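Residue numbers (my numbering), protein chains in the order written: chain Y, 36 to 223; chain W, 36 to 223; chain S, 36 to 223; chain L, 36 to 223.
Notes for the one structure printed next.
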DNA sequence: CATGAATGAGCGTTCATTCAT
DNA sequence: GATGAATGAACGCTCATTCAT
């Protein structure tokens, strides 16, 4: 089952890259990532033609994980605020529980190594979040504004909240709720 | 007037660094910065012992400019919302008018080349913004929360708004006001 | 056989370094050494983390070669003067035959890039020379003096003699013998 | 008296160079020497066209000082051994008392920055030492050998002795005498 | 396909030297 | 002549990428 072995190595490399990027920045050498993944330097380049490809792949992986986590098993029958709260909670708790992924994603977001194509692909699957946001603002002061504006508000406040949860683990839940209330007022 | 000349070169280097960082990222070679500033490579190191020192200096310069711009000639007698609006407007318009500084600052904020000491120094002078924010939330749902939490909300929403203003220059003012209303609701 | 290849390159680098140092001084660029060894610049740093490491390694290699050569297959049953002469001859002839190593070693000896640890390690194996010297001075005017004093006399006169042998290759053997007689009188 | 001022600076530079070279090696930056001499960087180059010129000048200065010190007020009427002992004592005591000059000279001796011309000029004034040495060996085993050979023996043993005196200041005089006795036997 | 040594372009930094003041 | 900032060639070293095994 060589395929499985290869996928193992690829996954190990991605996991190692996230840890290394989180602690050393995106400029960390590929050799360090390979060592952290316990594979040879060359193996990294068998899986990712260039470092840029690795960066883009990692970006997609984390972003997709965020989206899937946030959506989860959304309570479609609940009222809007409850649905939003469900998503917000899952998202922020995931972030607080995965500081390396959170930090690496933050750096990748502002890196110019990430292509537009990658950003587009990585956003796939977020439609239902967008739909929900659209409904959330339908009666608020942001009605009629582009979805991207509302999405940006969500991301900005969610990321800020996660950072606070990481800094103050003892009050993580409190800050998550506080962040949600702030977000809900912002878009209402 | 060697002193004046030297300050000229230093200022030219900072200005060049901001342009180069904005377009090439913080990893841009020092040689490129020196060339952009029209000085020799070595001159950069006469003014900044290391590249890290340059990064920290640029961070402080931009951050101070943001703070000074935001504070401006604050209308201390106006009501709170008007004061906040004044600051928000000046801040976001400055950001939209200085995309290179905005982008460079954003990268520096998440760079691990910036020391804690630098972050502390760069924040000096922001007290009156903090005071105002404290008064803004005094009767809202965030009363009693740490000032850093409220500050983070301000920064997150302001930066998001500025990005929108840069993307859509035609509707910059509209987005600035939209962002402010969002912020105001968020903290009220 | 990558291990063997790597050792080849390392040996080639050491040999090249000795030639280059001898003719250009210890300040010779690493690039010149790599070129002389017919390898890429980076390969030097795969084998020696820093130039200082290379210098220390070269020092140990040459010093050990001197010691092993001087000891040779010492005639333990001969009388003391014959044993001393055997060692002196092998040492000085080696020096005359290896002027690059002799010159490089001389420069390394006074370089502050060579650590105490290196000097200690490089001296290993010289015990039997020290033992012999101790016996040589046992009945002379230097009896009871520290071994290092006698060793220094040996080194000073041997090196001086080697330089003369290199300068006057035609009379190398004569100067070697003359040097030995001088040394023997010095310590008797 | 601008001439005097200039000579002052030149002397200050030479003194500073000796201190800096002794502690940092000959590769020490000219800027460090100028700073140690309390003059501007450029002033060094007003006095010495290049760093190599400075090195050669320092070499001549120290070497001449050694020679003058060694000769001193030689007791021309004393017997040969007493004359030799007088010179040896003055030389080795000077070396022990001036470790910076001793160390700097040792480095300059093996540097390839020192020209043959400089080495020739620096040796001027040593004739009477040579004459005395010639007489010293006239009846010994080295009679008829080139003067340079005997001179080299002298230098080798004197330098070795000085190093010992520096290492063991408490027994400096003892080592000086011990060194002389060794030298006298070596050439007798 | 995995390995890890080899490669060499490129970077941050140094420093002898120049020159405007 | 004194100054010290400006200069830029040169250096030690890094690291993404290649490729022989």
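C-beta atoms are modelled at their ideal positions from N, C-alpha and C, and glycine is treated no differently.
Keep in mind that this is a model prediction, so the values were computed, not measured.
> For the candidate residues Y:59, Y:44, Y:60 and Y:96, whose alpha-carbon lies nearest to that of residue 156 of chain Y?
Replying inline: Locating residue 156 of chain Y in the first chain gives position 121, where the first residue counts as 1. Measuring from the Cα of residue 156 of chain Y, the nearest candidate turns out to be Y:96.
>> Would the segment 158-171 of chain Y count as touching the segment 66-73 of chain W if we require 3 or more Cβ pairs under 8 Å?
In response: no
> Are any of the Cβ atoms in chain S nearer than 9 Å to that of residue 77 of chain L?
Replying inline: For the purposes of this step, residue 77 of chain L is identified with residue 42 of the fourth chain, where counting begins at 1. No, residue 77 of chain L does not count as interfacial toward chain S.
> Mind pulling the chain W residues with CB within less than 8 Å of residue 221 of chain Y?
Replying inline: Locating residue 221 of chain Y in the first chain gives position 186, where the first residue counts as 1. Going along chain W in sequence order, the residues near residue 221 of chain Y (Cβ under 8 Å) are 192, 217, 218, 220 and 221.
> Considering only residues of the same chain and omitting the five flanking positions on each side of residue 54 of chain Y, which have a CB-CB separation below 8 Å?
Replying inline: The residue labelled residue 54 of chain Y in the question sits at position 19 within the first chain. Answer for residue 54 of chain Y: 71 and 135, listed in chain order.
> Considering only C-alpha positions, which residue in the set L:137, L:103 and L:138 is nearest to residue 121 of chain L?
Replying inline: Within the fourth chain, numbered from 1, the residue matching residue 121 of chain L stands at position 86. Measuring from the Cα of residue 121 of chain L, the nearest candidate turns out to be L:103.
> First and last residue of the alpha helix (DSSP H) that includes residue 91 of chain L?
Replying inline: As a working mapping, residue 91 of chain L is identified with position 56 in the fourth chain. From DSSP, the alpha helix (DSSP H) with residue 91 of chain L extends over 86-106.
>> Looking at residue 52 of chain W: is its Cβ nearer than 9 Å to the Cβ of residue 93 of chain W?
In response: Position 17 of the second chain, counted from the first residue, corresponds to residue 52 of chain W. Position 58 of the second chain, counted from the first residue, corresponds to residue 93 of chain W. The answer is yes: Cβ separation under 9 Å.
> For residue 140 of chain W, does the three-state DSSP call read helix, strand or coil?
Replying inline: Along the second chain, read from residue 1 onward, the residue named residue 140 of chain W stands at position 105. Helix at residue 140 of chain W.
>> Give me the subset of the segment 137-161 of chain Y whose CB atoms are less than 7 Å from a CB atom of chain W, sorted by chain position.
In response: 141, 142, 145 and 147
>> Tell me whether residue 197 of chain W, by its Cβ, gets closer than 8 Å to a heavy atom of the ligand ADP.
In response: This structure lacks the ligand ADP, and indeed carries no ligand of any kind.
> Along chain W, in chain order, which residues have C-beta atoms closer than 7 Å to that of residue 292 of chain Y?
Replying inline: In the structure displayed, chain Y extends from 36 to 223; residue 292 of chain Y sits before or after that span and is not available.
> Counting contacts by CB-CB distance shorter than 9 Å, is residue 88 of chain L in contact with chain S?
Replying inline: Here residue 88 of chain L is taken as the residue at index 53 of the fourth chain, counted from 1. No - not a single Cβ of chain S is within 9 Å of the one on residue 88 of chain L.
>> Three Cβ pairs or more, each shorter than 8 Å: is that satisfied between the segment 141-151 of chain S and the segment 103-117 of chain S?
In response: no
> Using DSSP with H/G/I as helix, E/B as strand and the rest coil, what is residue 222 of chain L?
Replying inline: Start at 1 with the first residue of the fourth chain, and residue 222 of chain L comes out as number 187. DSSP places residue 222 of chain L in helix when its eight states are reduced to three.
>> Taking the alpha carbon of residue 101 of chain S as the reference point, which residue from S:160, S:201 and S:149 has its own alpha carbon closest?
In response: For the purposes of this step, residue 101 of chain S is identified with residue 66 of the third chain, where counting begins at 1. Comparing Cα positions, the closest option is S:160.
> With 9 Å set as the bound, which would you pick, yes or no: does the beta-carbon of residue 83 of chain L sit closer than that to a beta-carbon of chain S?
Replying inline: Taking the first residue of the fourth chain as 1, we reach residue 83 of chain L at position 48. No, because no Cβ of chain S sits closer than 9 Å to the Cβ of residue 83 of chain L.
> For residue 151 of chain L, does the three-state DSSP call read helix, strand or coil?
Replying inline: Counting from 1 along the fourth chain, the entry for residue 151 of chain L is found at position 116. Helix.
>> Assuming residue 195 of chain W and residue 131 of chain W are in contact, meaning their beta carbons sit under 8 Å apart, how far apart are those beta carbons, in whole angstroms?
In response: Taking the first residue of the second chain as 1, we reach residue 195 of chain W at position 160. Taking the first residue of the second chain as 1, we reach residue 131 of chain W at position 96. No, residue 195 of chain W and residue 131 of chain W are not in contact; Cβ-Cβ is about 12 Å, not under 8 Å.
> Once you ignore the five residues that flank residue 82 of chain L on each side, which residues in its own chain have a CB closer than 7 Å to its CB?
Replying inline: One-based indexing of the fourth chain puts residue 82 of chain L at position 47. The residues are 44, 45 and 48.
>> Once the 5 residues before and after residue 218 of chain L are set aside, which same chain residues still bring their CB inside 6 Å of it?
In response: On the fourth chain, position 183 is the one that residue 218 of chain L refers to. Within the same chain, residue 218 of chain L has close Cβ partners 192.
> With a cut-off of 9 Å, does the C-beta of residue 59 of chain S fall near any C-beta of chain L?
Replying inline: Position 24 of the third chain, counted from the first residue, corresponds to residue 59 of chain S. Closer than 9 Å: yes.
> Apart from the five residues just before and just after residue 116 of chain L, which ones in its own chain have a Cβ nearer than 7 Å to its Cβ?
Replying inline: Position 81 of the fourth chain holds residue 116 of chain L. For residue 116 of chain L, where only same-chain residues beyond five positions count, the Cβ hits under 7 Å are 219.
> residue 198 of chain W: buried (16+ other C-beta within 10 angstroms of its C-beta) or exposed?
Replying inline: Locating residue 198 of chain W in the second chain gives position 163, where the first residue counts as 1. Looking at its Cβ environment, which holds 16 or more other Cβ atoms inside 10 Å, residue 198 of chain W is buried.
>> Please report the distance separating the alpha-carbon of residue 91 of chain W from that of residue 124 of chain L.
In response: Position 56 of the second chain holds residue 91 of chain W. Position 89 of the fourth chain holds residue 124 of chain L. Approximately 59 Å, taken between the alpha carbons.
>> Run through chain L and tell me which residues come within less than 8 Å of residue 180 of chain S, C-beta to C-beta.
In response: The sequence position of residue 180 of chain S within the third chain is 145, counting from 1. Result: 213.
> Taking just the CA atoms, how far does residue 50 of chain Y sit from residue 148 of chain S?
Replying inline: Against the third chain, residue 148 of chain S aligns to sequence position 113. Against the first chain, residue 50 of chain Y aligns to sequence position 15. Approximately 41 Å between the Cα atoms of the pair.
> Along chain Y, in chain order, which residues have C-beta atoms closer than 7 Å to that of residue 62 of chain W?
Replying inline: Sequence index remark: in the second chain, residue 62 of chain W carries index 27 (1-based). Ordered by position in chain Y, the residues that pass the 7 Å Cβ test against residue 62 of chain W are 62.
>> Quick check on residue 210 of chain W: does DSSP put it in helix, strand or coil?
In response: Translated into positions along the second chain, residue 210 of chain W becomes position 175. It is helical.
>> Does any residue of chain S have a CB that is nearer than 9 Å to the CB of residue 115 of chain L?
In response: Along the fourth chain, one-based indexing puts residue 115 of chain L at 80. No, residue 115 of chain L lies away from the interface with chain S (no Cβ there is under 9 Å from its Cβ).
> What residues in its chain sit with their C-beta under 7 Å from that of residue 78 of chain W, if we drop five residues either side in the sequence?
Replying inline: As a first step, residue 78 of chain W is located in the second chain; it is residue number 43 there, counting from the start. Taken in chain order, the residues that qualify are 44 and 69.
> Which two residues bound the contiguous alpha helix (DSSP H) that contains residue 83 of chain Y?
Replying inline: Within the first chain, residue 83 of chain Y is the residue found at index 48, counting from 1. That residue, residue 83 of chain Y, is in no alpha helix (DSSP H); it is neither H nor E in DSSP.
> According to the Cβ coordinates, are residue 213 of chain W and residue 177 of chain Y closer than 9 Å?
Replying inline: Translated into the one-based positions of the second chain, residue 213 of chain W becomes position 178. Translated into the one-based positions of the first chain, residue 177 of chain Y becomes position 142. Cβ atoms of residue 213 of chain W and residue 177 of chain Y: closer than 9 Å.
> What does residue 184 of chain W reach in chain Y if we use C-beta pairs closer than 8 Å?
Replying inline: Counted from its first residue, the second chain places residue 184 of chain W at position 149. Here the neighbours are 199, 210 and 213.
>> Can you find the residues in the same chain that come closer than 8 Å, C-beta to C-beta, to residue 211 of chain L, ignoring five residues on each side of it along the sequence?
In response: As a position in the fourth chain, residue 211 of chain L is number 176, starting the count at 1. Counting only Cβ-Cβ distances below 8 Å, and skipping sequence neighbours, we find 123, 124, 127, 128, 131, 196 and 200.
>> Within 9 Å of any Cβ in chain S, is that where the Cβ of residue 168 of chain L sits?
In response: Locating residue 168 of chain L in the fourth chain gives position 133, where the first residue counts as 1. No, its Cβ sits nowhere closer than 9 Å to a Cβ of chain S.
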